[in-house]
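In the working numbering, the protein residues as written are 12 to 885. Report on the structure given below.
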RNA sequence: GCCCGGGUGGCGGAAUUGGCAUACGCGCAAGACUUAAAAUCUUGUGCCAUCUCGAUGGCUUGAGGGUUCGAGUCCCUCCCCGGGCACCA
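Now the structure itself:
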């Protein structure tokens, strides 16, 4: 790629120069240059340190042909933005930028921007804000009747979260016991176990929750042969390694006996472990070792207080009464929610070993083999084996798993309301799930409102208990408040925008500056070590193993940990090259600065960009990324503007033979051929003359000779003209008027990107000059050349030199360039017409047109009109 | 399905606020130059009628309706083309 880039860029630069584009060539840059991508990597580090770059395991768009993952924006209609292959969903660990954190601002700022409406709307839709609610649907726990909570060392039933948890569980309809265990300060697990056996009601409908030392007691109960429905260990020690173990001889003694895990597992099949990441008493590793021995699910969380010692610990309640959070914009239809649907990638299913059916597990595996298109084409799903409780109706509803629910939107779970959502309707029909109508269909006389498809509109509520008769809008508000009071719902906003996936398993891109060390974890490369150069390797083809080709080069990835200096491994994925282009405008003015990404003073002078012109295809790609990066840099104090481009205009796309130009279609129009035949000026001017700049169209060369002829006539004009005596000056007011009108029109049209009409005005002007060849003065022709210069720079410059030589009596001399002359100004007094055409219409039809002098009064104009002989018969 | 553009001569396209629709260019036709062709220049060129043959009348901006003295332009309904997004709950 490096060699190829150098060849293609050479040709690219040649063509840009040849077409007469006046760029500041001193300030050019190439993003593959280590001097440039050094700073791209530097951004990554800045974002990483600001908590805006993170790694996560998530379903990602994977292109099987490019063999890399892609960002959401880079999937166009289910296909790869680069190669067009059908995208698959793979569950992989990748790096992301938290662009979603900026979603509200990216949306809000749009209003202030002077951008093509098209692009603003595209961005708005892509960010896709929806307002609604998040609602908790509690899981239905079959056969569970009773909770027994065992407190820890030195505690009593009144301490920590016990009282609160007891009341919450009671509210949910369970029996709860919290025994006061004997000798709490110097507890003996044998004695406490005996106490529980004697005093508590334990059976196969009971879940025991043990907190800290209470967990050891719980395990002993199972060892004794007690069978339980479930066991929850909250921060229970496995080893006596915790900080002040010397002060806890009782715990050490209890642990020394060890556990009979085999019997424990036999007596209880549902075991969940909850450990606090910031625990200052029991290390997380205890939870990990328990999880291994008990083959149980370990949930890592952060307690309100370390070791879960606060009065309210929602994480603990969540374990006892797991619930599924859904997002909806139609809370008014909640009484019609007859089932829940989870995405196959829903966190709970993946991470918690809920009692889901084997066929559901199989389904999740199968989903990973499908392409996006296959998923879309047919709705499939499977019953999970679980049930939830609809918080509005308190009814038990089944939980299904289906890939028609996206993991990456909302919470990854939905309440299905088949009567009022077409997708849910189709799903319910296919799998024979109940459909309950809760909104009246207007204009339907039939009282039963039988539905053969979902009614998705709003209306009056039915089958919704106390909310019957309300209109959707009002009902949304009331139901939300009702569920809020119950503590199971809250207002929520969801965005369509996803975090920006920036890892690529390609070769060509800046390596992600991260080092993995067994001891120190994920370590950012120190800034002084940048750039991490992309090595020159022979086999750069993608591997298809989910890893970058760099993963085959130990020379690249073997490194030392910057912290402990031990052996470590570099990240081998590279950064999305869209990140390179997300900040290049900042680099242009300071392109030659070796020590900084940009010079503060120069940046202040030149940026933000006044006017930016590009393709609309970058609406949600480059333009969104660049805005995000600018906002981050602003927040971090590196630049003093949030928005990089004040004004943006999208040029139209020129297509060829009815399709986008592409090498594979063989319909590429090569400018070189036209330059060879007609010259660069003709080509560039023809492109401008073709049609409205912002519209684009099919490229045909049928009219190109028109421009060629026009430029030839201008050429002839300058050759033929004889510079007159100054006497003739100002004699021809008609020509002067046209000249000033032309200056005005061309100036304004250029500013509005209406090049086609500017050129047509130049043609009119040129034609008139030709007709009045004998009475032309220098200014007329000079103005023509000045106005023509931006369109046809080469010929204008040459003719300008000829003209100057003529004007100064043929002395051959090098004159200043036309591009150093001032742009002509028009005199608005001279533009005003002194005559106008008085159009006489009768019943909207033109019956006569009379030449009239300006400044007539209404009566005078009427009189004049009535004199027209033609109107008499009308 | 939703959201943007757009639909005007044979073609690319013009048309400030509603006020001569078709500017400018291509193409085409006739003429000039030429032995001839190309190039160049000049003139003409929306469609349909009518006749006394250079005028007169009518029609025309995707379709239909409306507002107005007057609509390519404003309002309503619909059709077609291009682009974007799309199980987004």
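From the three backbone atoms N, C-alpha and C, an ideal C-beta is built for every residue, glycine too.
Which listed residue (the options) has its alpha carbon closest to that of residue i
| i | options | result |
| --- | --- | --- |
| residue 120 | 767, 641 and 714 | 641 |
| residue 514 | 558, 528 and 536 | 558 |
| residue 388 | 438, 190, 705 and 372 | 438 |
| residue 310 | 245, 341 and 251 | 245 |
| residue 804 | 23, 17 and 33 | 33 |
| residue 82 | 428, 110 and 296 | 110 |
| residue 555 | 518, 534 and 582 | 518 |
| residue 96 | 86, 146, 104 and 544 | 86 |
| residue 151 | 162, 184, 135 and 138 | 184 |
| residue 548 | 539, 637 and 563 | 563 |
| residue 103 | 114, 201 and 73 | 73 |
| residue 124 | 794, 744, 467 and 654 | 654 |
| residue 679 | 687, 686, 690 and 666 | 666 |
| residue 763 | 874, 703 and 833 | 703 |
| residue 64 | 590, 222 and 833 | 590 |
Residue environment, residue i, which counts as buried when at least 16 other CB atoms sit within 10 Å
| i | result |
| --- | --- |
| residue 870 | exposed |
| residue 378 | buried |
| residue 668 | exposed |
| residue 587 | buried |
| residue 521 | buried |
| residue 802 | buried |
| residue 777 | buried |
| residue 38 | exposed |
| residue 834 | exposed |
| residue 583 | buried |
Rounded separation between residue i and residue j - CA only
| i | j | result |
| --- | --- | --- |
| residue 860 | residue 844 | 17 Å |
| residue 695 | residue 610 | 35 Å |
| residue 700 | residue 706 | 12 Å |
| residue 625 | residue 634 | 9 Å |
| residue 28 | residue 799 | 19 Å |
| residue 289 | residue 512 | 29 Å |
| residue 450 | residue 470 | 6 Å |
| residue 345 | residue 426 | 8 Å |
| residue 494 | residue 402 | 8 Å |
| residue 52 | residue 692 | 41 Å |
| residue 243 | residue 578 | 39 Å |
| residue 757 | residue 770 | 8 Å |
| residue 231 | residue 268 | 11 Å |
| residue 552 | residue 80 | 15 Å |
| residue 453 | residue 356 | 38 Å |
| residue 599 | residue 862 | 57 Å |
| residue 457 | residue 408 | Caution is warranted here: a pLDDT of 49 is assigned to residue 457, below 50, making its placement in the model unreliable, and no coordinate value can be reported. |
| residue 237 | residue 526 | 49 Å |
| residue 866 | residue 872 | 10 Å |
| residue 323 | residue 312 | 14 Å |
| residue 304 | residue 353 | 30 Å |
| residue 544 | residue 810 | 50 Å |
| residue 75 | residue 92 | 13 Å |
| residue 116 | residue 139 | 13 Å |
| residue 546 | residue 417 | 38 Å |
| residue 142 | residue 337 | 13 Å |
Nearest-angstrom beta carbon gap, residue j and residue i [assumed within contact, 8 Å]
| i | j | result |
| --- | --- | --- |
| residue 70 | residue 413 | 14 Å between Cβ atoms; not a contact. |
| residue 623 | residue 649 | In fact, because the Cβ distance is near 20 Å, the residues do not count as touching under 8 Å. |
| residue 134 | residue 630 | 6 Å |
| residue 194 | residue 202 | 7 Å |
Distance CB(residue i)-CB(residue j) smaller than 8 Å
| i | j | result |
| --- | --- | --- |
| residue 153 | residue 542 | no |
| residue 239 | residue 213 | yes |
| residue 754 | residue 848 | no |
| residue 67 | residue 105 | yes |
| residue 262 | residue 164 | yes |
| residue 390 | residue 374 | no |
| residue 394 | residue 411 | yes |
| residue 796 | residue 780 | no |
Heavy atom of the ligand GTP within 7 Å of residue i beta-carbon
| i | result |
| --- | --- |
| residue 160 | Ligands are entirely absent from the displayed structure, and the ligand GTP is therefore not among its contents. |
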